[in-house]
Amino acid sequence: MSWAIPRPTSKTISDGIGRSTKPTVPRRTIAPRSVWCRSRVGGHAVNGYFVKNIGVNRGKPRIWLQGLELEKAGFQPGASYEIDVKGNSVVLTVKADGTRIVSPKKVRERTLPVIDLNSKALLAIFDGMAAVRVIPKDGEIYIVPLASEIKKQERFQRLREKLENGEPLAIGSLSHGGGILTHAIHEGLRRAGIKAKLAFANEIRPELIEHAAHNNDAWSRETVPLAAPMQELAFDDRALAQVPNVEILEAGIPCSGASRAGVAKRGLKHPEEHPEVGHLVVSALILLNKAAPAVVLIENVVTYATSASASILRTQLRDLGYTTHERVLSGKEWGAIDNRERWCMVAVTHGISFDFDQLVPPDTVPRELSEILDPIGPDDPRWSTMQGLKDKQERDKAEGKNFKMQVFDASDTSIGTLTKGYSRVRSTDPKLRHPTNPELLRQFTPAEHARMKTIPGHLLEGASDTVQHEMAGQSVIWEQFVDVGHHAGNALNRVVGKPEVARPVITDRDTPAMRAAKERFLAESAEPIPHDYMPACLDVPQAPIRKLRIS
């Protein structure tokens, strides 16, 4: 069977254990590969796989080999051998005329072979590493860096080369939805002067993939759609093999099991008990490992931060060579009317300096609901008494349930979060009160929903009202994650010594005093970005009309 997903290749290089590979990285970069026991590699059997810590003896690095680690390669006490450094490997080879001798060690009734490598010069290639792999083959032992170390070096080098050459960074998206998070991250990177392209998008609902492919300008002809359950994709060996390397991976891991509503509805003891999405952290990590991003961005409900899944993410990312940073972001801080709070984790490869505390919300002026409402007249049939919901509220109150209607006026500056199921007209979802008749209420429209979350309208247009509410309700505050992408982009600029692209941003909502202060900053500290550098969509509420680059 032929797979039509293109994969660039380079010249064949060695992975350090006597095997040739065709990596998707430059020649000087070590391509990450797995080694399996009793597999055939380069015509020689791999007889084992050992991970050994690098110790210290008399101020020099030390690797102690004993017993099975040597016996599996045919190294016996008294045997002669040689040591060579080949690329990223230290290779021990049994030779009749070798200059080194395997030492014996008496352990109870057995005499074990021992080799003590205690040399700064010999082990210099492992400087800074805590452990190595020991791979015994017939007559040879390869000592090579851990696969996680090789992957860490490879993804950082790949990122740095693209940044130095001005090439677009490849982005992968898991649980893509309508691609609102993806679009925000792309826009944030653009504001930091970094080009990006969406390499692949995974989403369980094919209709959302179809919609995003046509509406979302983060997509291109080269974007690979992966319309499948994440867990199916992660455990399909053939499909997984086609997932390309990316520099940035973003994911909104489904939160049904971690949200308070989801826990209450199903009576879950813990989020991972959810039968459909509780286990998806495993699939996400498998896909992350395959895509090998230098930067990982994950968002979820705030309660996800205390779940076992989040703990697994933190520790596994640590072991893969990432440093994790977390923060709870509030929509109100970013001037959004929908005060959605989201937990965000940014994991960066060692060598990238990122500080979430340095992400400061922009100066904003409170906005009223009236500013984002569609022109719906007082006699429009969408206004109704919603008597059934009012009666339900009274029944809930009588039964001691704390389910209350959320009713807002056009003068309010903040409302409760509109969620994925908003189109179902539920009693506890926000409603708008009629301007003259307080008995009448209506639902917010999809366009109003988008504006509450600062989402560019074109990302939702063309879908049914139900699907538009679903896409917006399970998404993020767009402008907020634009700033997260911008902040991450500046961290990447620092990797290659490029100047950061700074905010402030002058908007048409600035007060005169705020505008004057920003203009002074512009005059004193910055130069305008070229006029052709524009946001992805110009009709977004509070979209910037000027951006800066610190000179």
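Each residue of the sequence shown is one higher than the one before, starting from 1 at the first, in the UniProt record's numbering.
Glycine is no exception: its CB is placed at the ideal position from the N, C-alpha and C atoms.
- Residue 202 counts as buried, since at least 16 other C-beta atoms from the protein chains shown sit within 10 angstroms of its C-beta.
- With respect to residue 85, residue 140 sits apart: the two C-beta atoms are not nearer than 9 angstroms.
- Between the stretch 409-419 and the stretch 346-355 there are fewer than three C-beta pairs closer than 8 angstroms, too few to call the two in contact.
- For residue 315, the uninterrupted alpha helix (DSSP H) segment begins and ends at 308-319.
- DSSP places residue 176 outside both helix and strand once states are collapsed to three, so it counts as coil.
- Residue 101 counts as exposed, since fewer than 16 other beta carbons sit within 10 angstroms of its beta carbon.
- With a cutoff of 9 angstroms on beta-carbon distance, residue 50 and residue 133 are scored as near each other.
- Residue 366 has no beta-bridge partner at all, per DSSP.
- Between residue 197 and residue 223, the gap from beta carbon to beta carbon is short of 9 angstroms.
- With 16 or more other Cβ atoms inside 10 Å of its own Cβ, residue 61 counts as buried.
- When the five nearest sequence neighbours on each side are left out, the beta carbons in the same chain lying within less than 7 angstroms of the beta carbon of residue 130 are those of 53, 54, in order along the chain.
- Under the 8 angstroms Cβ criterion, the stretch 380-398 does not count as touching the stretch 328-347, having fewer than three qualifying pairs.
- Three or more pairs of CB atoms, one per stretch, sit closer than 8 angstroms, so the stretch 152-167 contacts the stretch 291-298.
- Shown here for residue 219: same chain residues with a beta carbon closer than 8 angstroms to its own, the five before and five after excluded, namely 179, 198, 201, 212, 213 in chain order.
- The alpha-carbon separation between residue 348 and residue 444 amounts to approximately 39 angstroms.
- Residue 140 sits in a strand when the DSSP states are folded into three classes.
- For residue 364, the closest C-alpha among the options 191, 462, 479, 441 is that of 479.
- In the three-state DSSP reduction, residue 434 falls in the coil class, being neither helix nor strand.
- By the CB criterion at 9 angstroms, residue 483 and residue 166 fall outside the cutoff.
- Nearest to residue 423 by C-alpha distance, out of 251, 487, 446, 276, is 446.
- Within the same chain, and ignoring the five residues on either side of residue 168 in sequence, the residues whose Cβ sits closer than 7 angstroms to its Cβ are 195, 196, 197.
- DSSP, read as helix, strand or coil, puts residue 73 in coil.
- C-alpha of residue 486 to C-alpha of residue 471: approximately 23 angstroms in a straight line.
- For the pair of segments examined, the stretch 399-409 was found to touch the stretch 419-433: the number of CB pairs separated by less than 8 angstroms reaches three.
- The Cβ atoms of residue 313 and residue 345 lie closer than 9 angstroms to each other.
- An exposed status is given to residue 494, since fewer than 16 other beta-carbon atoms sit within 10 Å of its beta-carbon.
- In the displayed model, residue 322 falls within a strand according to three-state DSSP.
- Going by DSSP, residue 202 is part of no alpha helix (DSSP H) but of the beta strand (DSSP E) stretching over 196-203.
- The shortest CA-to-CA distance from residue 117 to any of 57, 426, 80 is the one to 57.
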